[in-house]
Amino acid sequence: FPSHDTRMSWKRITLLVNDLLKENDDVSKNFSLHDGVINFHFTTEHLSQTVSFDVGSKYLFIGPTASGKSTFFESIHYAALKQKRSSVLVPQDPYLFNQNIENNLFLNIPLTTELRNKALYLLKIFDLEDIALFNQDLLSVSVGEKGKKLSGGQVKRLHMIRSLLFPYELIIWDDPFSSLDVLTEKKILTEILYGNSYYLKGKTFFLTTHRLSTVKYFNNVICSSRKGLDFGELSNPLWKARVDEFFRSRS
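Using my numbering, the letters of the sequence shown map in sequence onto residues 1363 to 1613.
Quick look at the structure:
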């Protein structure tokens, strides 16, 4: 079971999130989910736009730095929570408690044998087994204050695993592979998108990337800019050409 300190920390976070949700009352009114479609209206200093996403689909977001991807993710995440939808956001700079891996993954959720086995399997898929020394139990490894005993990439991968352990409707990963090698990225995406367990089945999945190597795993690719979000499918040759040109222009 989670330690007393972890439970108290989680309670403080819950209160903070509730305060943030209160502050985002207006944003929540712009979110709706009906007949298998998510509709969301968002406004920035540059634009006002309504977008729609099919529930259960996977979307890749690309675009230059500071084009508003993270702001959009935060807005739709908090709006979904305010509407009592289950959403999880893995930010670019995630936080870990000064606890072990188990407490950071499960927080105030009682650990069952099924969840433990699922976590251990994902830790292997995400190449985090080498965190443990010799015969040390992987879930008992301490991560240090704010996860300082781990690398930034390892901290982010623990958050990604946490997002897959529970039945969230909307899963959002903000630039998750920036500090990860391409082979490990391939291993992770192949497993969660196409593996036998298929962790994203029925879930709506958003992911941002600055890598061309990530694009091949998605058909729905969204281009973000100060003018808004442009939607397209890679099965459309014209859209694929636009995506290819975006990455060529940045190389």
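Glycine residues also receive a C-beta, built at the ideal position from the N, C-alpha and C atoms.
Does the beta-carbon of residue i have 16 or more other beta-carbons within 10 angstroms, so that it is buried, or is it exposed?
| i | result |
| --- | --- |
| residue 1600 | exposed |
| residue 1516 | buried |
| residue 1434 | buried |
| residue 1529 | exposed |
| residue 1570 | buried |
| residue 1479 | exposed |
| residue 1519 | buried |
| residue 1591 | buried |
| residue 1553 | buried |
| residue 1483 | exposed |
| residue 1576 | buried |
| residue 1566 | buried |
| residue 1603 | exposed |
| residue 1461 | buried |
With DSSP collapsed to three states, give me the class of residue i.
| i | result |
| --- | --- |
| residue 1503 | coil |
| residue 1410 | strand |
| residue 1517 | helix |
| residue 1420 | strand |
| residue 1468 | helix |
| residue 1427 | coil |
| residue 1479 | helix |
Do residue j and residue i come within 9 Å of each other at the CB atom, strictly closer than that value?
| i | j | result |
| --- | --- | --- |
| residue 1550 | residue 1488 | yes |
| residue 1562 | residue 1467 | no |
| residue 1420 | residue 1582 | yes |
| residue 1512 | residue 1464 | no |
| residue 1523 | residue 1481 | yes |
| residue 1417 | residue 1491 | no |
| residue 1540 | residue 1425 | no |
Taking the DSSP output, what are the residues bridged to residue i?
| i | result |
| --- | --- |
| residue 1433 | None, per the DSSP bridge assignment. |
| residue 1450 | 1533 |
| residue 1439 | Beta-bridge pairing links residue 1439 to no other residue. |
| residue 1462 | 1504 |
| residue 1613 | In the DSSP output, where bridge partners are listed per residue, residue 1613 has none listed. |
Check your understanding: Where are the beta strand (DSSP E) runs, 3 residues long or more, that stay fully inside the stretch 1528–1610, in chain order?
Key -> DSSP runs (the beta strand (DSSP E)) wholly in the stretch 1528–1610: 1532–1535, 1566–1570, 1582–1587 and 1590–1595.
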